Amino acid sequence: MTVWQATTQTWNGRGSGSGSGIGSGSNNNHNGGNNIVATQPPSRHCHLHLIVVIILACCTRWLSGLPDGRATCRSVPGLTKDQVELCYKASDVTAAALEGLDMAIRECQIQFQWHRWNCSSLSTKSRNPHASNLLKKGYRESAFAFAISAAGVAHSVARACSQGRLMSCGCDPTINRKTLNKNLRQSLDKEKKQFLQYLETNQILTPEEEKKYERSKIASRWKWGGCSHNMDFGVEYSKLFLDCREKAGDIQSKINLHNNHAGRVAVSNNMEFRCKCHGMSGSCQLKTCWKSAPDFHIVGKVLKHQFRKAILVDQSNLGNGEPVVVLKRSRNKKSNAGNGAGVDSDLVAADASGILEGRETQRDLEAERGTRQTSSDKNAARMARKLETSLFYYQRSPNFCERDLGADIQGTVGRKCNRNTTTSDGCASLCCGRGHSQVKERRAERCRCKFQWCCSVECDECHVEEWISVCN
């Protein structure tokens, strides 16, 4: 505004004798016209262009459904320096990631609503569950919190990409429709040729071959389409945003990184295929299918199952920073450093003494040992896959009965319980032996709902009173 006023005064100074510059002195009589022409006011088109740019920027942010990313970066405490820098570089993606953290907290509260620890420690005002002191511990509950937080970020960012809300990503680019359709056609042609060969030779199809042929016909009537959720981008951003917090290299950081990875695997391993039928009168002559992120409630159930089977890790780092997992071994099997793990002790002893004990040749023994070694490798690979999805913890959890503000433990005083059951939601377990009281609760709920044409549902508000049990 100041610049515009100064320019206007210079423009109107063609007859003034005071002041310096364009409109002063004798130059104003002889060359004043040229000077006045040389000094133009700001173009109205420039101002209109600037206003349009500002409006478009605001509309883009509003249409995306995300809050102002840079304001979000400043308003969320507890972020590390790397997270803040990443937030400024990709503020819209970070806003989607924070939505994922909120979703993770809500799902955590659903999964643990009848446990002594009900995820209340994660509900911080900063919207950042990592600001909780509980996540600085190595409890089983901390492992679940890390896993579901990483899963929530990956899930939310992947969905935001496919919805067109982010500038840096879109639909999953790894699904090459032309290549997939070509592969489907080649597979169909192969199945048709095999079927014709059966007809020419008058062979009878086995039930398995008939099912295979039917599957090939069904597969030929669908194709990839739609907008698949970009889970690869969601997983990578989850790594960038959360794994950068763990740089210490100690057992706590390594376990946190592992649990982050387990949470992301729980999302990517449960991707769903969703299809839409096309055809006259719903005949579904052609189906368009795409990959979709699972309902996050499914991810919560998967991680809750892993929580129950979480593995306690030894705190010893053995000098190289690698955590030690003590696994139970069969008493009938003994590992030998010189002959490989998982080999029978009697087989090792027989080989060492040179006694074949019923085996005809040395080749038979070597073949059997090779088979057992292959089986051992398969078991090791199976165990590695199992550990990849397992949750690790290195500190035994407290009972969460008493309030401990230093550890963000709220306790169970005042919690609602069920006096008619002996499970985890029962008053005997949830109240930690302190007993419970009966109180009358008054709540409002919707009632007498009616459908109004067209198209809404109108309900009355009813007040209901009931007796409930709360922990002392």
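Our numbering applies: residue 110 is where the sequence shown begins, and numbers increase by one. All C-beta atoms, glycine included, are put in the ideal place defined by N, C-alpha and C. Remember, it's a predicted structure, so these values are computed and weren't measured experimentally.
Determine the closest residue to residue i out of the options, with distance taken between C-alpha atoms.
i           : options               : result
residue 205 : 245, 273 and 252      : 273
residue 212 : 183, 379, 266 and 261 : 261
residue 367 : 337, 407 and 419      : 419
residue 384 : 203, 411, 236 and 393 : 393
residue 363 : 422, 406 and 512      : 422
residue 577 : 396, 547 and 184      : 547
residue 376 : 349, 396, 278 and 412 : 412
residue 495 : 414, 504 and 224      : 414
residue 522 : 539, 379 and 365      : 539
residue 348 : 182, 192, 535 and 269 : 192
residue 399 : 386, 407 and 406      : 386
residue 341 : 252, 543, 374 and 220 : 374
residue 541 : 512, 517 and 565      : 512
residue 354 : 565, 487, 255 and 543 : 255
residue 243 : 518, 508 and 271      : 518
residue 504 : 220, 259 and 360      : 360
To the nearest angstrom, report how far apart residue i and residue j are at their CA atoms.
i           : j           : result
residue 567 : residue 554 : 13 Å
residue 549 : residue 492 : 52 Å
residue 214 : residue 232 : 7 Å
residue 194 : residue 404 : 31 Å
residue 345 : residue 369 : 12 Å
residue 257 : residue 416 : 11 Å
residue 570 : residue 560 : 15 Å
residue 502 : residue 529 : 33 Å
residue 227 : residue 216 : 11 Å
residue 74  : residue 248 : For residue 74 there is no data in the structure shown, the boundaries of the chain being 110 and 581.
residue 352 : residue 250 : 19 Å
residue 490 : residue 500 : 18 Å
residue 520 : residue 551 : 24 Å
residue 188 : residue 241 : 12 Å
residue 545 : residue 579 : 5 Å
residue 337 : residue 343 : 12 Å
residue 372 : residue 484 : 29 Å
residue 365 : residue 558 : 48 Å
residue 180 : residue 515 : 30 Å
residue 209 : residue 245 : 21 Å
residue 397 : residue 280 : 15 Å
residue 203 : residue 265 : 10 Å
residue 237 : residue 563 : 42 Å
residue 252 : residue 575 : 37 Å
residue 402 : residue 229 : 27 Å
residue 510 : residue 278 : 45 Å
residue 526 : residue 565 : 37 Å
Opposite residue i in the DSSP bridges: which residues?
i           : result
residue 215 : According to DSSP, residue 215 bridges with nothing at all.
residue 549 : 576
residue 383 : 399
residue 527 : 535
residue 502 : 421
residue 513 : 518
residue 586 : In the structure as shown, the chain starts at 110 and stops at 581, and residue 586 therefore has no counterpart that could be examined.
residue 394 : Residue 394 pairs with nothing; no bridge assigned.
residue 559 : 567
Go ahead and label residue i buried or exposed: buried means 16 or more other beta carbons lie within 10 angstroms of its beta carbon, across all protein chains shown.
i           : result
residue 276 : exposed
residue 532 : exposed
residue 573 : exposed
residue 197 : exposed
residue 382 : exposed
residue 222 : exposed
residue 186 : exposed
residue 225 : buried
residue 339 : buried
residue 409 : buried
residue 268 : buried
residue 524 : buried
residue 556 : exposed
residue 357 : exposed
residue 271 : buried
How far does the beta strand (DSSP E) with residue i in it reach, from first residue to last?
i           : result
residue 569 : 565-580
Where does the unbroken alpha helix (DSSP H) through residue i begin, and where does it stop?
i           : result
residue 536 : 536-539
residue 270 : 249-271
residue 364 : 360-377
residue 221 : First-last for residue 221: undefined, no H or E at that position.
residue 349 : 340-351
residue 196 : 190-198
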